[in-house]
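Trainee: Got a structure for you, questions after.
There are 2 protein chains.
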Amino acid sequence: MKENKENVVISKATIDRLPLYYRTLKISQEEGIEIISSDELGRKIGVTPEQIRKDLSAFGEFGKKGVGYYVRELMRNIGEILGLNRKWNIAIVGVGHLGWALANYANFSSQGFQLQAIFDVDDEKIGRYINEVQIFHIDEIKDIVQSRNIEIGIITVPAQHAQSTAMRLVEAGIKGIWNFAPIKLDVPDNIHVVSEDLSVGLNSISYYLSRQNN
Amino acid sequence: MKENKENVVISKATIDRLPLYYRTLKISQEEGIEIISSDELGRKIGVTPEQIRKDLSAFGEFGKKGVGYYVRELMRNIGEILGLNRKWNIAIVGVGHLGWALANYANFSSQGFQLQAIFDVDDEKIGRYINEVQIFHIDEIKDIVQSRNIEIGIITVPAQHAQSTAMRLVEAGIKGIWNFAPIKLDVPDNIHVVSEDLSVGLNSISYYLSRQNN
DNA sequence: TAGATTGTTAATCGATTAACAATC
DNA sequence: TAGATTGTTAATCGATTAACAATC
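Going down the list, the protein sequences come from chains A and B.
Under the working numbering, the first sequence has 129 at position 129, and the numbering climbs by one with no breaks.
If you want the working numbering, it's the 1-based position in the second sequence plus 214.
Here it is as structure tokens:
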């Protein structure tokens, strides 16, 4: 595994930018670009070149002075850092509109995230398939998470059930949670939770527009 | 309009926390809680009480020393700051899985965001309705945005069409954009863009899990 | 009054930006 | 070699946390 340098603390902000670098490099690579400078990469992403160089320097020296970065090589390195050089089995809990949309989101699999199971409580939905992935009853969660080596759970249940869902995922042995319920999840320290709070975006826009119009 | 104090700079981080405060106050209010301390509110949200007091102090004095905050009053004040004391007409562009999920997301309307129109290019979809909201051809965007006073646009089109969609929204007169396409949008300075980058979440989880398992 | 809790200032911490030597 | 661009250190900026006077 790609190690970051000893004694270098890596900020959350840096980790959140790595996927942007990775994605942009991928596009560049597909366009046939072989070498890219931090300046050019930064321009495409909307980040300063210093920021990019600083971020990368926490993990090693990936560029060539006076030249830039070899796109393919940097992509491979960042991919390795992000853990994209292996497969991750994931599951979705909650087949509402959002869960359904995510289950259909093809892009995950291209990055090595394979949807292995979907869970719900609605008898109408259980037994059905979304893109060849079966919907199971939540009561089967422990069995299936363990038998299918699922490591990451996606929570798209209503807010009032999110905490108990998180606990079931943890008990089933999951290590990472991607949470879409607008609520703070209490989980053990060794579980990594990323929450997407979709109610913030519109509120922030209305804040700025209110100020503007005055 | 609720003004923030002169000479106080309000950070983006503060603005992004206000919706959490608002939401949590709403829940507390529904539970019949009338007074809440920054300590208790912070505990529920996962933010320090100092943070909350600091954030709020940028806009005024909403609490009572030795007592706490009146839930209903603080909620009203934060709502006013966020521009939730009025209606906002919004539109969605792109009826893929995500656009469809967002069109069905009932929660927006409870905060005053009213979906007035949906746009797409697919003849199969045009003319249909999602929850009584009609799907129009993108070519009608300018007419409809203007006639229906739509101020905020939600972009859920594929990445390669996101930039041109943004430009069409801007030309139509929209002032705020909520962007779900994984790409940086170039828009005029007076347009407020919030991007939700759904590819970051899973990548960040896989990063941390990789480290953990080692 | 005594206890509790706010609002705010000062201290700390962390992240970004600037500058530049190293070197391809 | 001259020009370009990295990697890194130092400087700056911004955000969070600590501390505490004010006061309900």
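For glycine and all other residues, C-beta sits at the position ideal for the given N, C-alpha and C.
Which runs of the beta strand (DSSP E) fall wholly inside the segment 231-290 of chain B and span at least 3 residues, in chain order?
Mentor: The segment 231-290 of chain B contains no whole beta strand (DSSP E) run of 3 or more residues.
Trainee: Given a limit of 7 Å on CB to CB distance, which residues of the segment 163-182 of chain A reach chain B?
Mentor: Those would be K175, G176, W178, P182, in chain order.
Trainee: Can you give the Cα-Cα distance for L234/B and V133/A, rounded to whole angstroms?
Mentor: As a first step, residue 234/B must be located in the second sequence, where it is residue number 20. As a first step, residue 133/A must be located in the first sequence, where it is residue number 133. Cα to Cα, the separation comes out at about 34 Å.
Trainee: By DSSP, does V371/B sit in helix, in strand, or in coil?
Mentor: As a working note, residue 371/B is residue 157 in the second sequence. Reduced to three states, the DSSP call for V371/B is coil.
Trainee: Between the Cα of R15/A and those of G83/A, K125/A, S28/A, I138/A, spot the shortest distance and give me the residue it belongs to.
Mentor: One-based indexing of the first sequence puts residue 15/A at position 15. For clarity, residue 15/A is Ile in the given sequence; the question names Arg instead. Checking every option, the nearest Cα to that of I15/A belongs to G83/A.
Trainee: Whole angstroms are fine: how far does the CA of K279/B sit from the CA of F394/B?
Mentor: Numbered from 1 along the second sequence, position 180 holds the residue referred to as residue 394/B. Numbered from 1 along the second sequence, position 65 holds the residue referred to as residue 279/B. Cα to Cα, the separation comes out at about 42 Å.
Trainee: Against chain A, with Cβ distances strictly below 8 Å, would I344/B count as a contact?
Mentor: Residue numbering aside, residue 344/B sits at position 130 when the second sequence is read from its first letter. By this cut-off, I344/B is not an interface position.
Trainee: Quick check on this structure: which residue in G246/B, A380/B, R425/B, S242/B has the alpha carbon closest to the alpha carbon of S409/B?
Mentor: Here residue 409/B corresponds to residue number 195 of the second sequence, with the count starting at 1. The shortest C-alpha separation from S409/B is found at A380/B.
Trainee: I need the boundaries of the alpha helix (DSSP H) containing I405/B, first residue and last residue.
Mentor: By one-based count along the second sequence, residue 405/B stands at place 191. Counting along the chain, I405/B falls outside any alpha helix (DSSP H), and DSSP gives it neither H nor E.
Trainee: Are the segment 320-328 of chain B and the segment 375-391 of chain B in contact at 8 Å, needing three or more beta carbon pairs?
Mentor: They do not touch, by the three-pair rule.
Trainee: Assign Y208/A to one of three DSSP states: helix, strand, or coil.
Mentor: Taking the first sequence and counting its residues from 1, one reaches residue 208/A at position 208. Y208/A falls in the helix class under three-state DSSP.
Trainee: According to DSSP, what are the bridge partners of I135/A?
Mentor: As a working mapping, residue 135/A is identified with position 135 in the first sequence. Bridge partners of I135/A: I118/A.
Trainee: Excluding sequence positions up to five away, which residues of its chain have a Cβ less than 8 Å from the Cβ of L18/A?
Mentor: Along the first sequence, one-based indexing puts residue 18/A at 18. Taken in chain order, the residues that qualify are D55, I78, I81, L82.
Trainee: Exposed or buried, N203/A, counting other C-beta atoms within 10 Å across all chains shown (16 or more means buried)?
Mentor: Along the first sequence, one-based indexing puts residue 203/A at 203. Under this definition N203/A is a buried residue.
Trainee: With burial defined as no fewer than 16 other Cβ atoms inside 10 Å of the residue's Cβ, what is the status of V371/B: buried or exposed?
Mentor: As a first step, residue 371/B must be located in the second sequence, where it is residue number 157. V371/B comes out buried.
Trainee: Which of the three DSSP states is assigned to F322/B in this structure?
Mentor: Reading the second sequence from its first residue, position 108 is the one you call residue 322/B. Three-state DSSP puts F322/B in a helix.
Trainee: Examine chain A for any beta-carbon lying closer than 8 Å to the beta-carbon of R237/B, and answer yes or no.
Mentor: Position 23 of the second sequence, counted from the start, is the residue given in the question as residue 237/B. Interface residue, yes.
Trainee: Show which residues of chain B have a CB atom less than 7 Å away from the CB atom of N104/A.
Mentor: In the first sequence, the residue the question calls residue 104/A occupies position 104. Per Cβ cutoff of 7 Å: H311.
Trainee: Could you please tell me which residues of the segment 411-424 of chain B, in chain order, have their CB closer than 9 Å to any CB of chain A?
Mentor: Listed by position along the chain: D411, L412, S413, V414, G415, L416, N417, S418, I419, S420, Y421, Y422, L423, S424.
Trainee: In or out: P402/B buried (at least 16 other Cβ within 10 Å) or exposed?
Mentor: Residue numbering aside, residue 402/B sits at position 188 when the second sequence is read from its first letter. Under this definition P402/B is an exposed residue.
Trainee: Give the straight-line distance between the Cα atoms of K226/B and N404/B, rounded to the nearest whole angstrom.
Mentor: Looking up residue 226/B in the second sequence gives position 12. Looking up residue 404/B in the second sequence gives position 190. Their Cα atoms are separated by approximately 16 Å.
Trainee: So what does A305/B bridge to, in DSSP terms?
Mentor: By one-based count along the second sequence, residue 305/B stands at place 91. Looking at the DSSP assignment, A305/B forms a beta bridge with A331/B, G367/B.
Trainee: What does DSSP give as the partner residues of I130/A in its beta bridges?
Mentor: Mapped onto the first sequence, residue 130/A falls at position 130. The partner list for I130/A (beta bridge, DSSP) reads V133/A.
Trainee: Looking only at its chain, what residues have a beta carbon closer than 6 Å to the beta carbon of N299/B, apart from the 5 residues adjacent to it on each side?
Mentor: Within the second sequence, residue 299/B is the residue found at index 85, counting from 1. Answer for N299/B: G293, listed in chain order.
Trainee: What residues of chain B sit near Q212/A, judged by a beta carbon separation below 8 Å?
Mentor: Taking the first sequence and counting its residues from 1, the one referred to as residue 212/A is at position 212. Simply K389, N404, H406.
Trainee: Please classify R257/B as buried or exposed, where buried requires at least 16 other C-beta atoms within 10 Å of its C-beta.
Mentor: On the second sequence, position 43 is the one that residue 257/B refers to. The residue is exposed, with fewer than 16 neighbouring Cβ atoms inside 10 Å.
Trainee: Scan the segment 20-46 of chain A for residues whose Cβ lies nearer than 8 Å to a Cβ of chain B and list them as they occur along the chain.
Mentor: Residues L20, Y22, R23, K44, I45, G46.
Trainee: Quick one: measure Cβ to Cβ for A173/B and I241/B, integer angstroms, because I've assumed they're closer than 8 Å.
Mentor: In the structure displayed, chain B extends from 215 to 428; residue 173/B sits before or after that span and is not available.
Trainee: Using a Cβ-Cβ cut-off of 7 Å (strictly less than) and excluding sequence neighbours within five positions of G310/B, which residues of its own chain qualify?
Mentor: In the second sequence, the residue the question calls residue 310/B occupies position 96. Same-chain partners within the cutoff: T370.
Trainee: Does the CB of G94/A have a neighbour CB from chain B at under 8 Å?
Mentor: On the first sequence, residue 94/A is found 94 positions in, with the first residue counted as 1. G94/A does not count as touching chain B.
Trainee: From the DSSP output, in three-state form, read off I397/B for me.
Mentor: If you number the second sequence from 1, residue 397/B lands on position 183. The answer is coil: DSSP assigns I397/B none of H, G, I, E or B.
Trainee: Are the C-beta atoms of D269/B and some chain A residue less than 8 Å apart?
Mentor: Counted from its first residue, the second sequence places residue 269/B at position 55. Not an interface residue.
Trainee: Excluding five sequence neighbours on each side, which residues of the same chain lie with their C-beta closer than 6 Å to the C-beta of D120/A?
Mentor: Here residue 120/A corresponds to residue number 120 of the first sequence, with the count starting at 1. Hits under 6 Å: V95, I135.
Trainee: Is R23/A buried or exposed, if buried means 16 or more other CB atoms sit within 10 Å of its CB?
Mentor: Residue mapping note: residue 23/A aligns to position 23 of the first sequence, counting from 1. So R23/A counts as buried.
Trainee: Given a cut-off of 8 Å on the beta-carbon distance, is the pair Q374/B and L399/B in contact?
Mentor: On the second sequence, position 160 is the one that residue 374/B refers to. On the second sequence, position 185 is the one that residue 399/B refers to. No, Cβ-Cβ distance for Q374/B and L399/B is not below 8 Å.
Trainee: What does E151/A touch in chain B if you count any residue whose Cβ is under 7 Å from its own?
Mentor: Taking the first residue of the first sequence as 1, we reach residue 151/A at position 151. Those within 7 Å of E151/A in chain B are L423.
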